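Enquirer: Please see the structure below; I have some questions.
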Amino acid sequence: MTAHFDVAIVGLGAVGSAAISHLSARGVKTIGIDAYYPAHALSSSHGDSRLIRLGYFEDPSYVPLLQRAYANWRVLETRLREDILTITGVLQIGKPDSKIVSGTRKSCNLHDLPVDTLDPDEMRRRFPVFALDEDEIALLDPQGGYLKPEAAVMGYLKLAASDGAALHFGEKVTAIEPGDNGVTVVSDTGRYSAGKVIVATGSWIGELVPALRDHAVPIKQVVSWYQPVDGFVTTPQRMPVFIRDEGENGSFFGFPSIGIDGVKVGRHAHFREPIDPNQPNPPVNERDTHLLDSFIRRRLPAAAGVRVRSTTCRYTMLPSEDFLLDLLPGDKRIVVASPCSGHGFKFTSVIGEILADLALDGDTDLPIGAFSFEAMERFLGARPA
Ligand SMILES: Cc1cc2nc3c(=O)[nH]c(=O)nc-3n(C[C@H](O)[C@H](O)[C@H](O)COP(=O)(O)OP(=O)(O)OC[C@H]3O[C@@H](n4cnc5c(N)ncnc54)[C@H](O)[C@@H]3O)c2cc1C
13 MTAHFDVAIV GLGAVGSAAI SHLSARGVKT IGIDAYYPAH ALSSSHGDSR LIRLGYFEDP
73 SYVPLLQRAY ANWRVLETRL REDILTITGV LQIGKPDSKI VSGTRKSCNL HDLPVDTLDP
133 DEMRRRFPVF ALDEDEIALL DPQGGYLKPE AAVMGYLKLA ASDGAALHFG EKVTAIEPGD
193 NGVTVVSDTG RYSAGKVIVA TGSWIGELVP ALRDHAVPIK QVVSWYQPVD GFVTTPQRMP
253 VFIRDEGENG SFFGFPSIGI DGVKVGRHAH FREPIDPNQP NPPVNERDTH LLDSFIRRRL
313 PAAAGVRVRS TTCRYTMLPS EDFLLDLLPG DKRIVVASPC SGHGFKFTSV IGEILADLAL
373 DGDTDLPIGA FSFEAMERFL GARPA
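The numbering used here puts the first residue of the sequence shown at 13, with every later residue one more than the last.
See below:
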């Protein structure tokens with residue numbers, strides 16, 4: 013006999029693990045299925061650290077969701093009795109008219125969020141690891157910091173299991189079949205009946221959601237870790253997390269020395285280099301490491317010691333670089349979640365709540381109107397051919 017669940021969650025990365033935990037905590041009978049294992053190297057949810065900040069330069073409309081996300085991260089920590097979120101402040105560095113700086117200021121003004129403006133002299137005094145050009149400034153978001161992705165995924169799964177969720181790893185879902193009496197989830201080793209299904213399969217989302225096949229594009233990202241030359245100035249107490257505008261080279265981000273590997277630096281890039289999610293990640297190449305090496309030497313000289321390691325991770329980009337969180341047009345029992353576009357991790361604590369609302373009630377009070385299939389179609393329609 014096919015086992016029946018109220019909600020099946022396909023994909024247990026950052027998004028699916030948060031969703032199954034929120035649902036299980038509400039007493040819902042859930043099953044979660046993942047093709048691999050928690051926070052594996054082909055997922056988008058590994059690599060020690062993820063940035064979180066409140067004065068969102070991308071768009072001020074994200075701020076209410078972020079406020080809820082912060083609250084939900086603290087709930088997760090309380091339930092786990094473990095630190096997931098560390099506040100270091102986040103520095104957003106660039107010329108005053110760069111999107112990173114002007115967008116942060118706009119968000120902070122609109123939502124009345126605290127922010128400090130630091131000129132190069134003040135940066136040298138307060139945060140000597142950073143080298144600024146004389147025409148640059150830094151905005152310090154005092155509520156920014158970093159999250160531990162592996163611990164968050166594991167933590168949500170642990171709570172879900174203790175609330176009664178069935179968790180299956182090493183099992184790939186091959187089809188989702190809507191029927192009159194529920195939805196059947198078919199995997200390479202079993203079949204499960206569910207009232208509702210949440211699809212949160214990261215860079216593989218197009219395989220199970222044909223409507224996203226051409227629009228959710230996996231790309232590679234490269235990050236490297238460096239042993240600092242001066243370990244004193246790169247501790248989380250002395251070096252905030254940062255994002256930095258580098259003009260035509262795009263933007264870079266980085267973290268203080270959190271673990272033994274040292275300072276981590278990445279470049280938000282590779283947007284025109286789609287990858288096949290079923291192949292191993294493309295290797296880190298010399299151009300990638302050259303760009304990161306030269307960035308850290310110029311911009312964080314005290315951190316630019318030996319490059320200890322580099323790794324690739326995956327973004328799943330949507331056309332508008334926003335998220336998609338919606339019921340599947342044509343079958344409202346299926347909830348689709350593609351909230352990456354390179355900046356989704358910090359939101360996953362609230363996205364889990366949103367997906368639980370959508371699966372149980374078909375709706376949510378949280379503001380997600382911009383993340384619908386309709387909004388995506390509108391964006392595509394307005395885009396120049
Ligand atoms: C280098 C890098 C840096 C980033 N930095 C930040 C940051 O600083 N701040 C921030 O907020 N965000 C950041 N992001 C984005 C963020 O990490 C992602 O948005 C988030 O991790 C996406 O999680 P996910 O659950 O959607 O995907 P994943 O973690 O990839 O999870 C999807 C899961 O689905 C499973 N799956 C796929 N297909 C199937 C199937 N058919 N059957 C069963 N299981 C399946 C996979 O095995 C996988 O475990 C970064 C991403 C990268 C790569």
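Ideal Cβ placement from N, Cα and C applies to all residues, glycine included. Keep in mind that this is a model prediction, so the values were computed, not measured.
Counting only runs of 3+ residues fully inside the segment 363 to 391, write out the beta strand (DSSP E) ranges in chain order.
Expert: For the segment 363 to 391, not a single whole beta strand (DSSP E) run of length 3 or above is found.
Enquirer: Ends of the beta strand (DSSP E) at T98?
Expert: Looking at the DSSP string, the run of the beta strand (DSSP E) that includes T98 is 97 to 99.
Enquirer: Pull up the CB-CB distance for I96 and W85, whole angstroms please, since I reckon it's below 8 Å.
Expert: With 8 Å as the limit, I96 and W85 qualify as a contact, their Cβ atoms being about 6 Å apart.
Enquirer: Beta carbon of S1: closer than 7 Å to some heavy atom of ligand 1?
Expert: In the structure as shown, the chain begins at 13 and stops at 397. Residue 1 is therefore absent and cannot be evaluated.
Enquirer: Would a C-beta distance cut-off of 8 Å place L103 and P252 closer than the cut-off?
Expert: Going by C-beta atoms, L103 is nearer than 8 Å to P252.
Enquirer: Using three-state DSSP, classify E260 as helix, strand or coil.
Expert: The answer is helix: DSSP assigns E260 an H, G or I state.
Enquirer: Alpha carbons only, please: which of R395, I346, R256 is nearest the one belonging to D109?
Expert: Comparing Cα-Cα distances from D109 to each of R395, I346, R256, the minimum goes to R256.
Enquirer: Can you tell me whether V197 is buried or exposed? The criterion is at least 16 other CB atoms within 10 Å of its CB, across all chains shown.
Expert: Buried is the call here.
Enquirer: What's the C-alpha gap between T247 and P268?
Expert: Cα to Cα, the separation comes out at about 6 Å.
Enquirer: From this set, P294, S236, T90, which residue's C-alpha is nearest D60's C-alpha?
Expert: Nearest option by C-alpha distance: S236.
Enquirer: Skipping 5 residues on each side, what residues in its chain have a beta carbon closer than 7 Å to that of L122?
Expert: P72.
Enquirer: For R38 and chain C, any beta-carbon pair shorter than 8 Å?
Expert: Reference to chain C is not applicable here, since this structure consists of a single protein chain.
Enquirer: Within 10 Å of its beta-carbon, does Y49 have 16 or more other beta-carbons around it, so buried, or fewer, so exposed?
Expert: Y49 is exposed by the Cβ-count criterion.
Enquirer: For the segment 66 to 104, list the beta strand (DSSP E) runs that are entirely contained and at least 3 residues long, ordered along the chain.
Expert: 97 to 99, all fully within the segment 66 to 104.
Enquirer: Please look up how many angstroms separate the CB atoms of I7 and H282, rounded, as I've assumed it's under 8 Å.
Expert: The chain is shown only over 13 to 397; residue 7 falls outside these bounds and no answer can be derived.
Enquirer: With DSSP as the reference, label S332 as helix, strand or coil.
Expert: Note: S332 maps to coil in three-state DSSP.
Enquirer: Could you tell me the alpha carbon to alpha carbon distance between N297 and R279, rounded to whole angstroms?
Expert: The straight-line gap from Cα to Cα measures roughly 14 Å.
Enquirer: Which ranges does the alpha helix (DSSP H) cover as unbroken runs of at least 4 residues, wholly within the segment 109 to 184, from first to last along the chain?
Expert: Correct list: 111 to 123, 132 to 138, 161 to 174.
Enquirer: Report the rounded CA-to-CA distance for G354 versus V75, giving the unit in angstroms.
Expert: C-alpha separation (whole angstroms): 17 Å.
Enquirer: Between G25 and G214, how many whole angstroms is the CB-CB distance? I'm expecting something under 8 Å.
Expert: Correct: roughly 5 Å between the Cβ atoms.
Enquirer: Which residue marks the beginning of the beta strand (DSSP E) containing T196, and which one marks its end?
Expert: T196 -> beta strand (DSSP E) spans 194 to 199.
Enquirer: Taking C-alpha atoms, which residue in A315, S322, A53 lies nearest to H302?
Expert: That would be S322, whose Cα lies nearest to the Cα of H302.
Enquirer: Apply the 10 Å Cβ neighbour rule to S174 and answer buried if 16 or more other Cβ atoms are within range, or exposed otherwise.
Expert: Result: exposed.
Enquirer: Under a Cβ-count criterion, where at least 16 other Cβ atoms within 10 Å of its own Cβ denotes burial, should D242 be classed as buried or exposed?
Expert: By the 10 Å Cβ count, D242 comes out exposed.
Enquirer: Here's the rule I'm using: 16 or more other beta-carbon atoms within 10 Å means buried, otherwise exposed. How should M13 be labelled?
Expert: It is exposed - the Cβ of M13 has fewer than 16 other Cβ atoms within 10 Å.
Enquirer: Let me make sure I understand the geometry here. Which of G274, G317, T324 has the alpha-carbon closest to that of P295?
Expert: Of the candidates G274, G317, T324, the one whose C-alpha sits nearest the C-alpha of P295 is T324.
Enquirer: With distances taken Cα to Cα, identify the nearest neighbour of K170 among H16, S55, S332, G28.
Expert: Considering only alpha carbons, the answer is G28.
Enquirer: Are there three or more Cβ pairs, one per stretch, closer than 8 Å when the segment 350 to 370 is compared with the segment 131 to 151?
Expert: No: fewer than three Cβ pairs fall under 8 Å.
Enquirer: Residues bridged to P230 by DSSP?
Expert: Note: P230 sits in a beta bridge opposite T328.
Enquirer: In terms of residues, what are the limits of the alpha helix (DSSP H) holding A26?
Expert: Per DSSP, A26 belongs to the alpha helix (DSSP H) from 26 to 37.
Enquirer: Along the chain, where does the beta strand (DSSP E) containing L63 start, and where does it finish?
Expert: Looking at the DSSP string, the run of the beta strand (DSSP E) that includes L63 is 62 to 64.
Enquirer: Using the beta-carbon count (16 or more within 10 Å), is I272 buried or exposed?
Expert: I272 is exposed by the Cβ-count criterion.
Enquirer: Could you tell me which residues DSSP pairs with V275 in its beta bridges?
Expert: V275 pairs with Y238.
Enquirer: Going by DSSP, which residues form a beta bridge with R321?
Expert: Answer is W237, bridged to R321.
Enquirer: Quick check: the Cα distance between A228 and D133, rounded to an integer number of angstroms?
Expert: Taking the straight line from one Cα to the other gives about 43 Å.
Enquirer: Looking at the unbroken alpha helix (DSSP H) that takes in I21, where does it start and where does it end?
Expert: First-last for I21: 15 to 22, but that is the beta strand (DSSP E), not the alpha helix (DSSP H).
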